[in-house]
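Structure record follows, encoded as structure tokens.
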Amino acid sequence: FAGWMLFVESRPWPQLTLVVSLEAIFLSTFVLIGQNQQAHFQQEKADHDYREEATELRTNTELTQQIYALTLELHRRLVSEPQPDDGSSR
């Protein structure tokens, strides 16, 4: 390419500038396409993570409510049942 530019072309610089400019245009286009694909992937991952975290929060809340209800029931049963007397407190 360099030989052709130096020996065949009388004024190679305008054509070389054109080739380099076209190369830059193609490269920037490919970079933008790659960035767009990466942004789409990141958005999909963020959406998935949000849905998973929301599901985990809902499950965690339900478990906490069930534990609280069981704790209240256990407390009610322990307080309302009479304690057996072992005869040591006379």
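So the sequence shown is numbered by our numbering: it starts at 1 and just counts up by one. Glycine included, each C-beta is placed from N, C-alpha and C at the ideal position.
Just so you know, the alpha carbons of T55 and E23 end up roughly 48 Å apart. A direct Cα-Cα distance of roughly 20 Å separates R77 from T64. Only residues of its own chain outside the window of five on either side were considered, and among them none has a CB closer than 6 Å to the CB of I33.
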